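Here the structure is laid out as structure tokens; the discussion comes afterwards.
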Amino acid sequence: MSTTIILPEWLITSALQKPRRGWGIRIVDDKIDDIAPNEELLFRYPREQAWIAPGQILAPGFVNSHIHIYGVLAHGIPLVKAPSGFWPFLEDFWWPLVENRLDHEMIRATTELRCAQLLKSGVTSFFNITEAPNALPGCLESQAEVVRKCGLRGVLTFEACERVSQENGQLGLKENADFVDACKRRNDLVTGAISIHTTFTCSKDFIRQANQIAGERNVLLHAHVSEGTYEPDFALKTFGMRTMHYYQELGITSPDFLASQCVQLDPSEVDLIAQAGVRVSHMPLSNCEVGGGIAPIPQLVEAGATVGLGSDGYIDDFFEVMRGAFLIHKANQLSPLVMPAHIVWHMATEGGAQAIGLKHVGKIEKGWQADLQLIDGNLPTPLESHNLYDQLLLYRTEKNVQAVWVAGKLLVEKGEVIGADWEKIFEDTRAAARRLWDKARK
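Every position in the sequence shown, counted from 1, becomes a number in this note's numbering once 658 is added.
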């Protein structure tokens, strides 16, 4: 049995509760065993070594509910011309120049980089989507080896679709199904789900097949939903109804469905999502980058939907992602009262865990997983219970994350990822990018 006592200045148990000053926790193995005032913990466990963290805030680790790990290879890629909209972004850039050219080596290199970067940003769990039609089979298991080595809690999926061919779509579904089965046999921190792309790259029979495979394995079915205007326009023209209503007609809308993006929704789709219990992942910054729009997240939250927060692999400093969710909707709704800081924190922690199907993750509570981060609270003005969520959200970055634990194991200490060879990680990623870019120039 291993134990750790952590004594911070502030403790965030749940973003839906007020932070507690002078409270800490005791970890036993991979779980939170005790929560009490710091003095009581010292009294109860006098022989145990304590991690004393003055001026620091102990909080649940962040949950990145949507990331494309390989996307880093597209940063700075040479282009003849920039995409002029969402569809050209996919058809002229993302599919031919990035996803179609990925191989196992590229995926592994970017996974090691991203895992280290996620840890440095306080992220302890993530939901990753890989679309690499020419890297089948085996790309998920290859990636999982790296994630397990790095120690994060990851849900890995392959974004199956029929845009290349029906045969390739079936390979993608098999990749997901085989990986889910293998993860259940291993029973560690890496799990799987079934992922498809969209209604415009997947036939109705393919979508129903994917849903059946997910149901048989009791895992989530994930899809991108209405990231821009293209998909709802396509759905109206092709099916005579909007995207979420089409999924409802197919029997997909349920708590077992994770709908990512959800930018271009109408009010009826917001109500459908909330009433059916569909889970949502919100990517505020990447929605801006691709010109997709601003998702109706305040309306979804108000309606009672489960909403997590993701980076999409665009900007992965999770404090930046939270700031995006905190600020963008205020401007869009013309109200500073929209998306208060504690709601954004909830989306980044417990809400994100709920969105991607993780149990006992995202909250500091007895018996829950010890997925934690310590954040430096050295700010120009005092931290108080009424301002702590706002202050940390607005004025902290990944550079202020001092320590990170996943399942009770220390992975970041003094702001550094333990065992990370950044020089080699960068060298491997740059080599992978050069190979991808050389293909893009041809």
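From the three backbone atoms N, C-alpha and C, an ideal C-beta is built for every residue, glycine too.
No experiment lies behind these values; they were computed from the predicted model shown.
- Secondary structure note for residue 1064: its beta strand (DSSP E) is the uninterrupted segment 1059-1064.
- Closest option to residue 921, judged by alpha-carbon separation, among 909, 942 and 929: 942.
- Boundaries for residue 826: no beta strand (DSSP E) harbours it, while the alpha helix (DSSP H) harbouring it runs 824-844, taken from the DSSP string.
- Ranked by Cα distance from residue 1051, the options 821, 809, 833 and 715 are led by 715.
- For the set 986, 936 and 727, the Cα lying nearest the Cα of residue 953 is the one of 986.
- For residue 662, DSSP records a beta bridge to 685.
- Rounded to whole angstroms, the gap between the alpha carbons of residue 664 and residue 766 is 34 angstroms.
- For residue 1033, the enclosing beta strand (DSSP E) begins and ends at 1030-1034.
- For the beta strand (DSSP E) assignment, the uninterrupted runs of no fewer than 3 residues enclosed by the stretch 762-819 are, from N- to C-terminal side, 781-788 and 811-818.
- In this structure, the straight-line span from the alpha carbon of residue 786 to that of residue 944 is close to 15 angstroms.
- In this model, residue 1014 and residue 940 are separated by some 12 angstroms (Cα to Cα).
- In the DSSP secondary-structure assignment, residue 1080 is not bridged to any residue.
- Collapsing the DSSP output to three states places residue 926 in a helix.
- Relative to residue 947, the option among 932, 744, 1057 and 847 whose CA is nearest is 744.
- For the 7 angstroms CB-CB criterion, residue 882 and residue 828 do not form a contact.
- Distances from the CA of residue 698 to each of 684, 689 and 839 were compared; the closest alpha carbon is that of 684.
- Residue 878 is classed as buried because its beta carbon has at least 16 other beta carbons within 10 Å across all chains shown.
- Inclusion of residue 852 and residue 834 in the CB contact set at 7 angstroms is warranted, their separation being smaller than that value.
- Cβ-Cβ separation between residue 1026 and residue 689: approximately 7 angstroms, consistent with a contact (criterion under 8 angstroms).
- Separation of the CB atoms of residue 737 and residue 720 is rounded to 32 angstroms, and the pair is thereby denied contact status at 8 angstroms.
- Non-local C-beta neighbours of residue 756 in its own chain, meaning closer than 6 angstroms and more than five positions away in sequence, comprise 732, ordered along the chain.
- Sixteen is the threshold: when 16 or more other Cβ atoms of the shown chains lie within 10 Å of the Cβ of residue 966, as they do, the residue is buried.
- Beta-carbon to beta-carbon, residue 1070 and residue 811 are separated by about 14 angstroms, too far to satisfy the 8 angstroms threshold.
- Within the same chain, 869 come within 6 angstroms of residue 910 by CB-CB distance, once the 5 residues on both sides are set aside.
- Boundaries around residue 720 are those of the beta strand (DSSP E), 720-725, since no alpha helix (DSSP H) includes it.
- Unbroken beta strand (DSSP E) stretches of 3 residues or longer found wholly inside the stretch 909-984: 915-919, 937-940 and 964-967, given in chain order.
- In the structure shown, the three-state DSSP call for residue 850 is strand.
- By the beta-carbon neighbour count (other beta carbons within 10 angstroms, threshold 16), residue 705 is exposed.
- The Cβ atoms of residue 764 and residue 1090 lie closer than 7 angstroms to each other.
- The C-alpha of residue 709 is placed about 29 angstroms away from the C-alpha of residue 804.
- In this structure, residue 735 keeps its C-beta atom at 7 angstroms or more from the C-beta atom of residue 772.
- For residue 1012 and residue 783, the gap between their C-alpha atoms comes out near 12 angstroms.
- In this structure, the alpha-carbon of residue 993 lies about 47 angstroms from that of residue 839.
- If you look at residue 1067, you'll find it in the beta strand (DSSP E) that goes 1067-1071.
- The DSSP-derived three-state label of residue 729 is helix.
- Residue 778 is a Cβ neighbour of residue 1075, given a cutoff of 7 angstroms.
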